[in-house]
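S.K.: Can you keep this structure in mind? I'll have questions shortly.
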């Protein structure tokens with residue numbers, strides 16, 4: 017698992033080590049795409065931690081981004097992190113039936129885009145919606 021912490025290392029620098037100043041306020045686990053995990057810190061708040069994660073290491077995340085999402089992957093993510101927001105990413109040509117499976121399995125959103133800016137927008141919106149609904153407690 018790699019940790020990408022701040023905007024400073026979104027420019028191609030090496031992944032940050034343990035937090036030097038403070039703990040992140042939000043942990044986003046990206047499952048299945050190291051390049052996406054490396055790009056998101058430049059597009060999300062600097063105090064958020066972005067993890068390049070495996071499906072078995074997402075338990076502490078507030079938000080989970082599943083690349084090549086499936087209904088069963090969403091179910092597994094919900095089991096590992098029941099309170100986390102889950103965003104499924106699919107190819108633009110993914111059949112509607114697969115998208116329905118992903119949403120019925122409990123994904124908060126299903127995104128038909130590989131554009132990091134679009135994905136970051138969905139991640140931020142998911143966090144905002146879940147925060148407004150009281151899913152995250154202020155620390």
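Numbering (the numbering used here), first residue to last: 17 to 155.
Think of the CB as a built atom: it goes at the ideal place given N, C-alpha and C, for glycine as much as any other residue.
Give me the Cβ distance between residue 142 and residue 79, rounded to the nearest whole Å; I'm assuming they're in contact under 8 Å.
M.R.: Their Cβ separation, rounded to whole angstroms, is 6 Å, which keeps residue 142 and residue 79 in contact under 8 Å.
S.K.: What's the C-alpha gap between residue 147 and residue 111?
M.R.: Straight-line Cα distance between these residues: approximately 31 Å.
S.K.: Over what stretch of residues does the beta strand (DSSP E) that includes residue 68 continue unbroken?
M.R.: Taken as a continuous stretch (DSSP letters only), the beta strand (DSSP E) holding residue 68 covers 64-69.
S.K.: Expressed to the nearest angstrom, what Euclidean distance is found between the alpha-carbon atoms of residue 37 and residue 56?
M.R.: Per-residue confidence for residue 37 stands at a pLDDT of 46, beneath the threshold of 50, marking its modelled position as unreliable; no derived number is given.
S.K.: For residue 133, is the classification buried or exposed, using 16 other Cβ atoms within 10 angstroms of its Cβ as the cut-off for buried?
M.R.: Flag for residue 133 reads exposed.
S.K.: Is residue 121 buried or exposed, if buried means 16 or more other CB atoms sit within 10 Å of its CB?
M.R.: Per the 10 Å Cβ criterion, buried.
S.K.: Which whole-angstrom value is the C-beta distance of residue 99 and residue 90, which I expect to be below 8 Å?
M.R.: Actually they do not touch by this definition, with Cβ atoms about 14 Å apart.
S.K.: Kindly list the residues whose CB is nearer than 6 Å to the CB of residue 130, restricted to its own chain and excluding five residues on each side of it in sequence; keep chain order.
M.R.: Excluding residues within five positions, none has a Cβ falling inside 6 Å.
S.K.: Give a yes or no on whether the C-beta atoms belonging to residue 85 and residue 105 are separated by under 8 Å.
M.R.: Yes, the Cβ-Cβ distance between residue 85 and residue 105 is below 8 Å.
S.K.: Output the distance between the C-alpha atoms of residue 59 and residue 71, rounded to the nearest integer angstrom.
M.R.: For residue 59 and residue 71, the distance between alpha carbons rounds to 23 Å.
S.K.: Helix, strand or coil for residue 37 per DSSP?
M.R.: In this prediction, residue 37 scores a pLDDT of 46, lower than 50, which makes its location untrustworthy; no coordinate-derived value is stated.
S.K.: Out of curiosity, what's the CA-to-CA distance linking residue 65 and residue 115?
M.R.: So the alpha carbons of these two residues sit roughly 28 Å apart.
S.K.: Check the DSSP bridge columns for residue 161 and list the partner residues they point to.
M.R.: Here the chain comprises residues numbered 17 to 155, so residue 161 is not present and cannot be evaluated.
S.K.: Distance check for residue 62 and residue 88, CA to CA, integer angstroms please.
M.R.: If I take the Cα positions, the gap works out to 31 Å.
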